[in-house]
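K.L.:
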Amino acid sequence: SAVISQKPSRDICQRGTSLTIQCQVDSQVTMMFWYRQQPGQSLTLIATANQGSEATYESGFVIDKFPISRPNLTFSTLTVSNMSPEDSSIYLCSVHHSANYGYTFGSGTRLTVV
Amino acid sequence: GEDVEQSLFLSVREGDSSVINCTYTDSSSTYLYWYKQEPGAGLQLLTYIFSNMDMKQDQRLTVLLNKKDKHLSLRIADTQTGDSAIYFCAESNAGNMLTFGGGTRLMVKP
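Taken in sequence, the protein lines are chains D and E. Each residue of the first sequence is one higher than the one before, counting from 32 in my numbering. Each residue of the second sequence is one higher than the one before, counting from 184 in my numbering.
Structure (C-alpha cells):
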C-alpha cells in the first residue's frame with residue numbers, strides 16, 4: 032500500500048492565523064481526501080482533493096475556510112484559514128487504492144488553536 | 184445521510200476474545216472496513232470485506248458481515264494489551280467516500 036508523509040505532525044497556532052498541512056504520497060493515487068477528527072469524535076470528511084480542478088467539499092465545509100491544492104497525483108495541501116479554537120482537531124489525509132480497494136491514512140496533524 | 188453506528192466502549196481480559204459490533208444503513212455499501220487508532224496516532228487499516236462476502240479471516244481477526252441486517256462485527260482472538268485502541272468501522276459505496284462509525288474504545292485488562 033502507499034506510504035503517506037503528512038506534515039506537520041502537530042502545531043499550536045494563534046487564533047486568526049492560517050496553517051497549511053502537507054500530504055505527500057510515495058506513489059501516484061487517483062483519489063485523495065482530507066478528514067477532520069474533533070476531540071473524542073469520529074472522522075468527518077472535509078473534501079475530496081481533485082487533481083487539476085477544484086476540490087469537492089462536503090456539507091458544512093467551504094473553500095474559503097479550507098482551501099485545498101492538488102497540483103499532481105502525489106501531493107496535496109489543506110489550509111485551515113482564520114483559525115479559531117473550534118478548529119482544534121486532528122486533520123488527516125487519506126488516499127484510495129483502486130488496486131486493493133483500501134484507504135490509507137496519514138499519521139495526522141494535531142492542531143491546537145489558542 | 185448514511186449512518187454507521189458502534190458501541191462506545193468494550194472491556195475484556197487479556198487472552199479473551201473481543202467482539203466489536205457495527206451497524207450501517209447504506210444498502211449500496213460495497214466495502215466495509217475496520218481501522219485501529221492508537222493514542223496519538225493515525226488510522227491503521229486492519230481488514231476489509233467486500234459486501235458479497237459473509238466472512239473473512241486474517242490471523243487473529245475475523246470479520247462477519249450480515250448484509251440482510253446490515254451488521255458487521257470484528258472478532259479479535261486472544262486479545263492482548265497491545266490491542267487496546269479505538270476501533271472504527273467504515274463503509275464505502277460506489278462514490279468512494281468513506282463513512283465512519285463513532286469508534287469503539289477497546290480496553291484490555293491484564
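Think of the CB as a built atom: it goes at the ideal place given N, C-alpha and C, for glycine as much as any other residue.
With DSSP collapsed to three states, give me the class of D118 (chain D).
P.N.:
DSSP places D118 (chain D) in helix when its eight states are reduced to three.
K.L.:
Check whether chain C comes within 8 Å of A268 (chain E), counting only Cβ atoms and requiring the distance to be less than that.
P.N.:
The structure shown has no chain C; the protein chains it does contain are D and E.
K.L.:
So S200 (chain E) and I259 (chain E) are supposed to be a Cβ contact under 8 Å. How far apart are they, rounded?
P.N.:
Correct: roughly 7 Å between the Cβ atoms.
K.L.:
Who are the neighbours of M319 (chain E) on chain D, taking C-beta pairs under 9 Å?
P.N.:
One cannot answer for residue 319 (chain E) here, as it falls past the ends of chain E, which runs 184 to 293.
K.L.:
Helix, strand or coil for T135 (chain D) per DSSP?
P.N.:
Note: T135 (chain D) maps to strand in three-state DSSP.
K.L.:
Could you pull out every residue in the same chain whose Cβ sits closer than 6 Å to the Cβ of V34 (chain D), ignoring the five residues on either side in sequence?
P.N.:
Taken in chain order, the residues that qualify are D57.
K.L.:
Tell me which residues of the stretch 230-247 of chain E have at least one Cβ-Cβ distance to chain D shorter than 7 Å, keeping chain order.
P.N.:
Those residues of the stretch 230-247 of chain E that come within reach of chain D (Cβ to Cβ, closer than 7 Å) are Y231.
K.L.:
Could you tell me how far apart the beta carbons of D89 (chain D) and L76 (chain D) are, in whole angstroms, since I believe they sit closer than 8 Å?
P.N.:
Residue identity check: residue 89 (chain D) is Glu in the sequence provided, not Asp. Contact flag correct, Cβ pair sits at about 5 Å.
K.L.:
On the premise that Q55 (chain D) lies in contact with F106 (chain D), defined as a C-beta separation below 8 Å, what is that separation, rounded to the nearest angstrom?
P.N.:
Contact holds; Cβ gap of about 5 Å.
K.L.:
Taking all protein chains shown into account, do 16 or more other C-beta atoms lie within 10 angstroms of the C-beta of H254 (chain E), making it buried, or fewer, making it exposed?
P.N.:
Looking at its Cβ environment, which holds fewer than 16 other Cβ atoms inside 10 Å, H254 (chain E) is exposed.
K.L.:
Against L158 (chain D), what residues of chain E qualify as contacts under a CB-to-CB distance less than 8 Å, listed in chain order?
P.N.:
Since the first and last residues shown for chain D are 32 and 145, residue 158 (chain D) lies out of range.
K.L.:
Between the C-alpha atoms of Y66 (chain D) and D261 (chain E), what's the straight-line distance to the nearest angstrom?
P.N.:
Distance between the alpha carbons of Y66 (chain D) and D261 (chain E): 32 Å.
K.L.:
Is there a C-beta anywhere in chain E that falls below 8 Å from the one on S112 (chain D)?
P.N.:
Not closer than 8 Å to any Cβ of chain E, the Cβ of S112 (chain D) fails to qualify, so no.
K.L.:
Could you check the C-alpha separation between G225 (chain E) and L142 (chain D) for me, to the nearest Å?
P.N.:
If I take the Cα positions, the gap works out to 14 Å.
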